[in-house]
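Data first, discussion second: the structure below is written as structure tokens.
Number of protein chains: 2
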Amino acid sequence: MAATIKDVSKDANVSIKTVSRVINNEANVAEKTKKRVLSSINKLGFRPNKSAQSLRSKRSFIIALLYDNPNKAYLADVQSGIFNACKLTGYNLVIQECDYKSSDLKKTIFEFVEDLKIDGLILTPPLSDMDDFLEYLDKHKIEHAIIAPSILKAESLYVSSNDYEAAYTLTSEIIKHGHKNIGFIKGHPKHSASELRFNGYTDAMQNYGLKKNNSWIKQGNFSFKSGFDAGVEIFNSIKIPTAIFASNDSMAAGIMKSAQMHGLKIPDDISLAGFDDSPIAHQIWPALTTVKQPVEKMANHAAKILMAKFDGLNEQSQPKEFKSELIVRESLKNLIN
Amino acid sequence: MAATIKDVSKDANVSIKTVSRVINNEANVAEKTKKRVLSSINKLGFRPNKSAQSLRSKRSFIIALLYDNPNKAYLADVQSGIFNACKLTGYNLVIQECDYKSSDLKKTIFEFVEDLKIDGLILTPPLSDMDDFLEYLDKHKIEHAIIAPSILKAESLYVSSNDYEAAYTLTSEIIKHGHKNIGFIKGHPKHSASELRFNGYTDAMQNYGLKKNNSWIKQGNFSFKSGFDAGVEIFNSIKIPTAIFASNDSMAAGIMKSAQMHGLKIPDDISLAGFDDSPIAHQIWPALTTVKQPVEKMANHAAKILMAKFDGLNEQSQPKEFKSELIVRESLKNLIN
DNA sequence: ATGTATTTTGACAACGATATCAATGAGGTA
DNA sequence: TACCTCATTGATATCGTTGTCAAAATACAT
Numbered sequence: 002m003a004a005t006i007k008d009v010s011k012d013a014n015v016s017i018k019t020v021s022r023v024i025n026n027e028a029n030v031a032e033k034t035k036k037r038v039l040s041s042i043n044k045l046g047f048r049p050n051k052s053a054q055s056l057r058s059k060r061s062f063i064i065a066l067l068y069d070n071p072n073k074a075y076l077a078d079v080q081s082g083i084f085n086a087c088k089l090t091g092y093n094l095v096i097q098e099c100d101y102k103s104s105d106l107k108k109t110i111f112e113f114v115e116d117l118k119i120d121g122l123i124l125t126p127p128l129s130d131m132d133d134f135l136e137y138l139d140k141h142k143i144e145h146a147i148i149a150p151s152i153l154k155a156e157s158l159y160v161s162s163n164d165y166e167a168a169y170t171l172t173s174e175i176i177k178h179g180h181k182n183i184g185f186i187k188g189h190p191k192h193s194a195s196e197l198r199f200n201g202y203t204d205a206m207q208n209y210g211l212k213k214n215n216s217w218i219k220q221g222n223f224s225f226k227s228g229f230d231a232g233v234e235i236f237n238s239i240k241i242p243t244a245i246f247a248s249n250d251s252m253a254a255g256i257m258k259s260a261q262m263h264g265l266k267i268p269d270d271i272s273l274a275g276f277d278d279s280p281i282a283h284q285i286w287p288a289l290t291t292v293k294q295p296v297e298k299m300a301n302h303a304a305k306i307l308m309a310k311f312d313g314l315n316e317q318s319q320p321k322e323f324k325s326e327l328i329v330r331e332s333l334k335n336l337i338n
Numbered sequence: 002m003a004a005t006i007k008d009v010s011k012d013a014n015v016s017i018k019t020v021s022r023v024i025n026n027e028a029n030v031a032e033k034t035k036k037r038v039l040s041s042i043n044k045l046g047f048r049p050n051k052s053a054q055s056l057r058s059k060r061s062f063i064i065a066l067l068y069d070n071p072n073k074a075y076l077a078d079v080q081s082g083i084f085n086a087c088k089l090t091g092y093n094l095v096i097q098e099c100d101y102k103s104s105d106l107k108k109t110i111f112e113f114v115e116d117l118k119i120d121g122l123i124l125t126p127p128l129s130d131m132d133d134f135l136e137y138l139d140k141h142k143i144e145h146a147i148i149a150p151s152i153l154k155a156e157s158l159y160v161s162s163n164d165y166e167a168a169y170t171l172t173s174e175i176i177k178h179g180h181k182n183i184g185f186i187k188g189h190p191k192h193s194a195s196e197l198r199f200n201g202y203t204d205a206m207q208n209y210g211l212k213k214n215n216s217w218i219k220q221g222n223f224s225f226k227s228g229f230d231a232g233v234e235i236f237n238s239i240k241i242p243t244a245i246f247a248s249n250d251s252m253a254a255g256i257m258k259s260a261q262m263h264g265l266k267i268p269d270d271i272s273l274a275g276f277d278d279s280p281i282a283h284q285i286w287p288a289l290t291t292v293k294q295p296v297e298k299m300a301n302h303a304a305k306i307l308m309a310k311f312d313g314l315n316e317q318s319q320p321k322e323f324k325s326e327l328i329v330r331e332s333l334k335n336l337i338n
């Protein structure tokens, strides 16, 4: 039978309350007492009963990851980052898939949080940008950390990446390779990253004095198929660009496939660039020039600042922006010389 | 403030115990009483406090998914299948990444299960085949359902797919396309599927009177890189096969990349086949001939039979074998005529 | 009508922690 | 010594359920 506080208290010859104090690292326990209690805890292999803790103290040491049908690799990275943060602190992770369009999203999540006494949530796009949902969480004092929100509110916990800059840099890189006719595939309209990336592209084009051609700019939704379809449209048009920048790698892979089916060689006939550095970026040939986002690290940090908040630690609580890294691979042709 | 059993019992004018009986669907509650209680529950919006339930009854209505660094798409599918099963029953899902090589795997999982009062586990390969771990779970009466174990024990809960048959069928299909020189890339040695798939290949070759060539048979580990490396080796050898069957799609994609870098055209110079129908199978060009496993359905069923067991339902509890589906795409050339 | 079996119900303890608040002890001051 | 303060400790109530077991109500047989 597992040991209880009572057992420990007897063994250490103190009251159960004192043991509780030690467990919870409360102030005002004499050093000597604390040592004695800790050694009893160790000796008996005592681990607090989480249900009882949770019942009394209304917290569970569980955090939840909320997501809506994201890219699988992205989800796995996020999850892994959070999980590793949890391992350090002893928190557990439950996952909750949800439908951001559902009318009872709020109710579902509220009950989920209440029932499990979830200590806090981690939100991924597109939930990260649902203002009324975020407001609802605030109103009901449901703690949460947001991954990649579009609006960075100082008072909220979030991690973000420099999507705009990275897209600007990547576009510049394409231009520096001598390209002037550059198409763009937009991402999912509900993901804030889509707009940021598009803006990065737009501003770079403008600053280098290049003109955008609207027939080379297509709306996608981050899926392979949407990239493929966009590719088909573009390649069937009268004049095709020399390079296409897709807002993520899946769509870039879709374009690559449509190009290849169209008899176009990459990068000789058309250069491509993606975003995210998902596995597919280097699993196709030629490998994609792309931008690597430290997704796992971001998620890890999101979890850390969330949990730090529970423990009243504030030092780490600053929102943090993570830098992306440009990865130049074979899919981009140098037109100069 | 959320309503408690006490509130309901007052409202329905019964004892709290009777309310508890209704909540738990226990026998021997008069129909009339039950109705009255249910309507009070509804009226007050009562939801049982899980911490209290868990504390008293030692169950949590939580199941856990255990995995060790699998393919990301596979993980996402498994997770999604389980999650959908949970949604129907009101269970929650917590995920636990673990290291199958770790020496304190047992201890970690035991404490995890005890602390959270986890009702049951779902195991994915390679954990599905760790006999001493499974024995340990049995010994400590930790309920679990196993996805794709190699040894199908009648007394345990599992779901499996027909890897052997599917590999046999796919190999036959390759042979029927006129191929005689067929290479094979083995999967991760700790995953039982690896052996089954290899056996399917071996037996098909034998039954069609074809000889295996050991320099075309390479050990991989299901990763893209291991496929790539195997491809490099094979394509650098003096004589190359006309087709290669890789035990999964990632490795097949790896081979494809190495082939393309080697200047080989697919399927004209070399035919390829994979296994799993992961996203990459159709995101590359030419798309891979492969075998589609109903991973999500399998995981869904695993979760269902596990939860059915908790509720004493046995009807659904039969282990179930799921059938894979052959998907012929462009990566396989017909050599006949 | 009576006794017996069975169904239905409720009073109260228990699960294992934390919260409240009062009691104790140590240290300092007059 | 007597008094006060503040750190340390413990007795007991409490969180919201389910488990135990006995009482009450009902059904059934004689």
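Heads up: the protein sequence lines correspond to chains A and B, in order. As numbered in our numbering, the first sequence has no gaps in its residue numbers, which increase by one up to the final residue, 338. As numbered in our numbering, the second sequence has no gaps in its residue numbers, which increase by one up to the final residue, 338. A virtual CB, placed ideally from N, CA and C, is assigned to each residue, including glycine.
Original post:
How big is the Cα-Cα spacing for A/E316 and B/L76?
Top reply: A caution first: A/E316 carries a pLDDT of 47, below 50, which makes its placement in the model unreliable, though a value can still be read off. Straight-line measurement puts the Cα of B/L76 at about 35 Å from the Cα of A/E316.
**OP:** Round the Cβ separation of A/S279 and A/I186 to the nearest angstrom and send it over; I've been treating them as touching at under 8 Å.
**Re:** So it is not a contact: roughly 15 Å between Cβ atoms.
**OP:** Please go through the same chain and pick out, in chain order, the residues whose beta-carbon is closer than 8 Å to the beta-carbon of A/E234, but skip the five residues on each side of it.
**Re:** K219
Subject >> Test: A/F84 CB closer than 7 Å to a CB of chain B >> reply: yes
Original post:
Under 7 Å Cβ-Cβ, which residues of chain B neighbour A/H94?
Top reply: Checking the sequence shown, residue 94 of chain A turns out to be Leu, not His. Contact of A/L94 with chain B by beta-carbon distance below 7 Å involves V95 and I96.
Original post:
CA-CA distance, B/M262 and A/L106?
Top reply: 48 Å
Original post:
Along the chain, which unbroken stretches of the alpha helix (DSSP H) at least 4 residues long are found entirely within the region 27-102 of chain B?
Top reply: 32-45, 51-58 and 73-90
Original post:
Using a Cβ-Cβ cut-off of 6 Å (strictly less than) and excluding sequence neighbours within five positions of B/A303, which residues of its own chain qualify?
Top reply: I123, A146, I148 and V160
**OP:** Given a cut-off of 7 Å, decide if A/A288 and A/E331 are closer than it, judged by their beta-carbon atoms.
**Re:** yes
Subject >> Reduced DSSP secondary structure (H/G/I, E/B, other) of B/K187 >> reply: strand
Original post:
Does the distance from the C-beta atom of B/T291 to that of B/I245 stay below 7 Å?
Top reply: no
Subject >> Whole runs of the alpha helix (DSSP H) within the region 251-331 of chain A, excluding any shorter than 4 residues >> reply: 280-284 and 296-311
Original post:
Residues of chain B with a CB under 8 Å from the CB of A/S81: which are they?
Top reply: E98
**OP:** Kindly indicate which residue of A/T90, A/K177, A/A86 and A/K191 has the alpha-carbon position closest to the one of A/S338.
**Re:** At residue 338 of chain A the sequence reads Asn, which differs from the Ser that was named. Of the listed residues, the one whose Cα sits closest to A/N338 is A/K177.
Subject >> Closer than 9 Å at the beta carbon, the chain B residues around A/S227 >> reply: Per Cβ cutoff of 9 Å: no residues; A/S227 is ~12 Å from chain B at best.
Original post:
Can you list, in chain order, the stretches of the alpha helix (DSSP H) that have 4 or more residues and sit fully within the region 97-167 of chain B?
Top reply: 106-117 and 132-140
**OP:** May I have the straight-line CA-CA distance separating B/S162 from B/S61, to the nearest angstrom?
**Re:** Straight-line Cα distance between these residues: approximately 30 Å.
Subject >> Outcome for A/R57 when other beta-carbon atoms lying within 10 angstroms are tallied against a minimum of 16 >> reply: exposed
Original post:
What residues match up with A/I245 in a beta bridge as DSSP calls it?
Top reply: A/G184 and A/L273
Original post:
Does the pairing of the region 120-139 of chain B with the region 149-156 of chain B give three or more beta-carbon distances under 8 Å?
Top reply: The region 120-139 of chain B vs the region 149-156 of chain B: in contact.
**OP:** To the nearest angstrom, report how far apart A/E322 and A/K73 are at their CA atoms.
**Re:** 23 Å
**OP:** Assign B/Q284 to one of two classes, buried (16 or more other C-beta atoms within 10 Å of its C-beta) or exposed (fewer than that).
**Re:** buried
Subject >> C-alpha gap between B/C87 and B/N25, whole angstroms >> reply: Within the model, the alpha-carbon separation for B/C87 versus B/N25 is close to 18 Å.
Subject >> Assigned exposure category for A/N208 - 16 Cβ within 10 Å defines buried >> reply: Exposed, because fewer than 16 other Cβ atoms sit within 10 Å of the Cβ of A/N208.
Original post:
Does the region 224-239 of chain A touch the region 195-206 of chain A, meaning 3 or more C-beta pairs lie closer than 8 Å?
Top reply: no
Original post:
Along the chain, where does the alpha helix (DSSP H) that runs through A/I235 open and close?
Top reply: F225 to F236
**OP:** With A/I24 as the anchor, note down where its alpha helix (DSSP H) starts and where it stops.
**Re:** Run containing A/I24: I17 to I24, per the alpha helix (DSSP H) assignment.
Subject >> Buried versus exposed, by CB contacts within 10 Å (16 or more), B/G264 >> reply: exposed
Original post:
Which one of B/K181, B/T90, B/I6 and B/A65 has the shortest CA to CA distance from B/L39?
Top reply: If we check each option's Cα against that of B/L39, B/I6 comes out closest.
**OP:** Could you tell me whether the Cβ of A/A53 comes closer than 7 Å to any Cβ of chain B?
**Re:** Using a CB distance cut-off of 7 Å, A/A53 counts as an interface residue toward chain B.
Original post:
Is the distance from the Cβ of A/I271 to the Cβ of A/A254 below 7 Å?
Top reply: no
Original post:
Taking Cβ-Cβ distances shorter than 8 Å, what residues in chain B pair up with A/E112?
Top reply: R48
**OP:** Decide if A/N301 is buried, meaning its Cβ has at least 16 other Cβ atoms within 10 Å, or exposed.
**Re:** buried
**OP:** Please name the residue, chosen from B/L89, B/C99 and B/G82, that lies closest to B/Y68 on a Cα-to-Cα basis.
**Re:** B/C99
Original post:
Near B/P268, what residues of its chain come up, given a Cβ to Cβ distance below 7 Å and the 5 sequence neighbours on each side ignored?
Top reply: Non-local C-beta neighbours of B/P268 in its own chain, meaning closer than 7 Å and more than five positions away in sequence, comprise P287, E331, S332, L333 and K334, ordered along the chain.
Original post:
Straight-line CA distance for A/K324 to A/I175?
Top reply: Here the C-alpha atom of A/K324 lies approximately 19 Å from the C-alpha atom of A/I175.
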